[in-house]
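Student:
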Amino acid sequence: MDDFKRRLKEVKATRWIRFSVVSLIFFLFVIWIGNPWLLLVWPLLFDIYITGYIPWTWWKKSKSAGVRKVMGWVDAIVYALVLVYIIFAFIGQNYQIPSSSLEKSLLVGDFLWVNKAVYGPRVPQTPLHFPLAQHTLPVVNTKSYIEKPQLDYHRLPGLRSIRRGDIVVFNFPQGDTVTTKIANPDYYTICASLRAEGIDNPKEYILANKERFGDLVWRPVDRRENYVKRTIGLPGERIRISGDRIFIDGKEIPEPENVQYNYIVPVAQSIDPAKWRELGVRSDDFGMSPQMIPGSNQAFYDVPLTADMKKTVESWPEVNGKLVKESDSGLYNLGGVWPLGAPYGWTRPDMGEFWIPKRGSTIRLTANNLPLYERAIRVYEGNDLQVRDGKIYINGEQTDYYTFRMDYYWMMGDNRDRSLDSRYWGLVPEDHIVGTPMFVLVSFDQEKGLFDGKIRFNRIFKDANPDSSRF
10 MDDFKRRLKE
20 VKATRWIRFS
30 VVSLIFFLFV
40 IWIGNPWLLL
50 VWPLLFDIYI
60 TGYIPWTWWK
70 KSKSAGVRKV
80 MGWVDAIVYA
90 LVLVYIIFAF
100 IGQNYQIPSS
110 SLEKSLLVGD
120 FLWVNKAVYG
130 PRVPQTPLHF
140 PLAQHTLPVV
150 NTKSYIEKPQ
160 LDYHRLPGLR
170 SIRRGDIVVF
180 NFPQGDTVTT
190 KIANPDYYTI
200 CASLRAEGID
210 NPKEYILANK
220 ERFGDLVWRP
230 VDRRENYVKR
240 TIGLPGERIR
250 ISGDRIFIDG
260 KEIPEPENVQ
270 YNYIVPVAQS
280 IDPAKWRELG
290 VRSDDFGMSP
300 QMIPGSNQAF
310 YDVPLTADMK
320 KTVESWPEVN
330 GKLVKESDSG
340 LYNLGGVWPL
350 GAPYGWTRPD
360 MGEFWIPKRG
370 STIRLTANNL
380 PLYERAIRVY
390 EGNDLQVRDG
400 KIYINGEQTD
410 YYTFRMDYYW
420 MMGDNRDRSL
430 DSRYWGLVPE
440 DHIVGTPMFV
450 LVSFDQEKGL
460 FDGKIRFNRI
470 FKDANPDSSR
480 F
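Residue numbers are given in the working numbering: position 84 of the sequence shown equals residue 93, and the series is strictly consecutive.
1. Pro136: which of Tyr104, Tyr411, Gly207 and Val230 sits nearest, CA to CA?
2. Would you mind working out which of Ser153, Gln134 and Gly462 sits nearest His163, comparing C-alpha positions?
3. Could you give the C-beta distance for Ile257 and Glu246, rounded to a whole number, given that I count them as a contact under 8 Å?
4. Quick one: using the 10 Å Cβ neighbour count with 16 as the cut-off for buried, is Arg172 buried or exposed?
5. Is it right to say Ile63 is buried, meaning 16 or more other beta carbons lie within 10 angstroms of its own, or is it exposed?
6. State the beta-bridge partners of Asp359 as determined by DSSP.
7. Where does Thr188 sit, in a helix, a strand or coil, going by DSSP?
8. Ignore the nearest five residues each way along the sequence and tell me which others in Asp11's own chain have a CB closer than 8 Å to its CB.
9. Would you call the segment 47-57 and the segment 101-121 touching, i.e. three or more CB-CB distances under 8 Å?
10. Evaluate contact between the segment 387-401 and the segment 421-434, counting only Cβ atoms and requiring at least three cross-stretch pairs below 8 Å.
11. Helix, strand or coil for His138, going by three-state DSSP, please let me know.
12. Sort Pro211, Leu90 and Trp41 by Cα distance to Pro166 and report the nearest one.
13. Can you tell me which of Leu436, Leu343, Tyr197 and Ala376 puts its alpha carbon nearest to the alpha carbon of Val226?
14. Among Trp434, Ile273, Val178 and Tyr417, which has the Cα closest to the Cα of Asn329?
15. Counting only the same chain and skipping the five closest in sequence on each side, list residues whose C-beta sits under 6 Å from that of Arg384.
16. With a threshold of 6 Å on Cβ separation, who are the neighbours of Asp119 within its own chain once the five nearest residues in sequence on each side are excluded?
17. Taking 7 Å as the limit between beta carbons, can you name the residues of its chain near Phe295, skipping five residues before and five after?
18. Excluding the 5 residues flanking Phe181 on each side, which residues of the same chain have their C-beta closer than 7 Å to its C-beta?
19. Under a three-way DSSP split, which group does Asn329 fall into?
20. Do you know whose CA, among Thr151, Asp253 and Tyr128, lies nearest Thr356's CA?
21. For Phe448, which beta-bridge partners are listed by DSSP?
22. What is the DSSP secondary structure of Val274, reduced to helix, strand or coil?
23. Give me the residue from Gln278, Leu314 and Asp293 with the minimum Cα distance to Glu266.
24. Taking 7 Å as the limit between beta carbons, can you name the residues of its chain near Ala201, skipping five residues before and five after?
25. Suppose you measure from the CA of Ile100 to the CA of Tyr58; what does that come to, to the nearest Å?
26. Measure the Cβ-Cβ separation of Phe13 and His441 and say whether it is below 7 Å.
27. Excluding sequence positions up to five away, which residues of its chain have a Cβ less than 8 Å from the Cβ of Phe480?
28. Any idea which residues DSSP pairs Gly242 with across the strands?
29. When you measure from the CB of Ser251 to every non-hydrogen atom of the ligand PLP, does any distance come out below 6 Å?
30. Whose CA, out of Ser71, Leu116 and Leu111, lies closest to the CA of Arg465?
31. Who does Val437 pair with in a DSSP beta bridge?
32. Start and end of the beta strand (DSSP E) containing Asp195?
33. Distance check for Arg131 and Ala98, CA to CA, integer angstroms please.
34. What is the DSSP secondary structure of Ile63, reduced to helix, strand or coil?
35. In the DSSP assignment, what are the bridge partners of Tyr214?
36. Around the C-beta of Gly339, are 16 or more other C-beta atoms found within 10 angstroms, so that it is buried, or is it exposed?
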């Protein structure tokens with residue numbers, strides 16, 4: 010006790026002030042998190058700032074200049090990582106647009122600042138992870154997280170709920186199981202394809218063919234791949250897609266201003282790639298040469314176009330006929346949509362009406378609608394669901410009803426025919442929601458050189474949630 014009193018007397022007033030400020034911030038943080046167990050950390054703060062029983066800064070008294078220098082760097086790095094961890098977990102982080110699913114609203118090469126506080130930051134479910142890597146450490150190619158402990162889903166109070174039209178970053182719902190060598194299509198789509206090929210046990214087949222698929226890995230919710238799409242359907246609503254038009258509770262909703270659809274462009278001759286790029290079509294989307302319609306001599310391009318881009322293409326002298334939407338052309342199989350294997354006969358532009366689950370709402374389950382909600386009940390909400398003799402059993406009890414514990418959302422890309430979205434993998438649970446992009450930090454055109462317009466200066470600090478007010 011005498012030693013304790015001595016240590017208290019030796020503490021300078023300025024250090025008491027710093028400790029008081031840090032304690033206040035810490036207590037407010039604990040109240041915000043809503044987890045009183047975090048108060049066990051406060052004695053460590055007291056020791057760091059006041060008593061100093063644990064020799065946190067032992068290296069400063071070392072006689073070795075090398076030790077002092079190295080530990081100085083270690084100390085700075087640890088503080089920086091802790092700060093980055095807190096910012097990335099509860100405030101926001103940067104995110105790169107990797108695909109063209111939201112063009113022309115967001116472009117490939119955009120680096121966004123994603124606000125995690127607006128919907129309420131999600132408390133990390135996998136708390137032990139390296140803050141600068143989503144799931145894999147670069148170079149060493151190992152997991153960037155430790156799977157245990159896994160915390161229950163908990164979201165802190167936010168500024169508002171998700172609105173229709175919001176562009177949202179979320180963890181890929183079907184990213185719980187992945188093959189390390191094949192990221193697209195996802196594991197469940199791969200399994201469906203293997204079953205179509207006559208393979209009865211896709212999982213065993215994948216495990217036996219590591220040279221093709223790599224390892225089979227499970228990932229926690231918050232360590233799954235980040236996706237970004239636009240919110241179309243909200244919890245409790247009924248959604249239907251007919252001829253690419255979207256109806257919510259029976260009423261058609263507007264499209265984003267720069268929504269894109271793929272068009273079949275018949276041509277008499279090849280179109281200069283530079284002409285496509287000048288129009289704003291990526292090389293990945295138009296190809297370097299036209300295709301041929303089977304059984305004919307008609308060449309064509311299949312490209313995503315906005316309404317204004319379509320008008321421009323129609324005026325090109327190389328075009329030889331009327332532009333037709335890809336979904337109306339009959340050239341492609343538009344099936345393979347969610348829920349895979351269900352006997353609904355749905356296609357990408359036409360999906361029958363169904364209800365989007367809402368937290369606390371109860372639905373009557375039938376053999377017909379079970380494929381829509383089976384994954385949500387079993388995987389996302391962690392129940393044992395079985396069907397025996399035509400009856401549904403949840404956690405061992407026969408029932409025809411289920412009450413959902415989470416809200417769910419329907420997400421789609423603005424580049425409608427080139428977007429891997431809810432039409433292919435279904436509903437997005439609320440515990441997968443990360444945040445919403447606020448603005449573009451910087452943007453790089455991957456098809457241009459450093460001195461040839463690679464940096465898109467006109468996109469720096471540009472609104473990353475355009476068209477949200479149209480809905």
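Just so you know, even glycine gets a beta-carbon here, dropped at the ideal spot from N, CA and C.
Keep in mind the model is a prediction, meaning the values are calculated, not measured.
Tutor: Walking through what the data contain:
1. With distances taken between Cα atoms, Pro136 lies closest to Val230.
2. Checked all of Ser153, Gln134 and Gly462; the closest Cα to His163 is Gln134.
3. With 8 Å as the limit, Ile257 and Glu246 qualify as a contact, their Cβ atoms being about 5 Å apart.
4. Answer is exposed; the Cβ neighbour count stays below 16.
5. Using a 10 angstroms sphere on the CB of Ile63, the tally of other CB atoms stays under 16, which defines it as exposed.
6. DSSP lists Thr356 as the bridge partner or partners of Asp359.
7. Looking at Thr188 - three-state DSSP - the assignment turns out to be strand.
8. Excluding the 5 residues flanking it on each side, Asp11 has no same chain C-beta neighbour closer than 8 Å.
9. Counting Cβ pairs under 8 Å, fewer than three are found: no touch.
10. Contact between the segment 387-401 and the segment 421-434 is not established, with fewer than three Cβ pairs separated by less than 8 Å.
11. Of the three classes helix, strand and coil, the one that applies to His138 here is strand, per DSSP.
12. With distances taken between Cα atoms, Pro166 lies closest to Trp41.
13. Of the candidates Leu436, Leu343, Tyr197 and Ala376, the one whose C-alpha sits nearest the C-alpha of Val226 is Tyr197.
14. Comparing Cα-Cα distances from Asn329 to each of Trp434, Ile273, Val178 and Tyr417, the minimum goes to Ile273.
15. The same chain holds no residue with a CB closer than 6 Å to that of Arg384 once the five nearest residues on each side in sequence are set aside.
16. These residues qualify, in order along the chain: Ile106, Val449 and Ser452.
17. Short of 7 Å from the beta carbon of Phe295, and not among the five residues preceding or following it, lie these beta carbons of its own chain, in chain order: Trp285, Tyr310 and Val312.
18. Once the five neighbours on either side are set aside, the close Cβ partners of Phe181 are Arg233, Glu234 and Tyr236.
19. In the structure shown, Asn329 sits in coil (DSSP, three-state: anything other than H, G, I, E or B).
20. A check of alpha carbon separations from Thr356 across Thr151, Asp253 and Tyr128 identifies Asp253 as the nearest.
21. Bridge partners of Phe448: Trp122 and Asp472.
22. If DSSP states are grouped into helix, strand and coil, Val274 belongs with the strands.
23. The shortest Cα separation from Glu266 among Gln278, Leu314 and Asp293 belongs to Leu314.
24. If the five residues before and after Ala201 are omitted, its C-beta is found closer than 7 Å to the C-beta atoms of Leu349 and Gly350, all from its own chain and listed in chain order.
25. Approximately 26 Å, taken between the alpha carbons.
26. Not a contact, by the Cβ cut-off of 7 Å.
27. So the list reads Arg172, Arg173, Gly174, Ile262 and Pro263, once near-sequence residues are dropped.
28. Per DSSP, the beta bridge partners of Gly242 are Trp419.
29. Summarising the ligand content, the structure contains no ligands, and the ligand PLP is consequently not present.
30. Comparing alpha carbon positions, the residue from Ser71, Leu116 and Leu111 closest to Arg465 is Leu116.
31. DSSP links Val437 through a beta bridge to Tyr418.
32. In the DSSP assignment, Asp195 falls outside any beta strand (DSSP E), carrying neither H nor E.
33. Looking at the two C-alpha atoms, the distance is approximately 7 Å.
34. Ile63: coil per DSSP, three-state reduction.
35. Residue pairing by DSSP places Tyr214 opposite no residue, since no beta bridge is assigned to it.
36. Exposed, since its Cβ has fewer than 16 Cβ neighbours within 10 Å.
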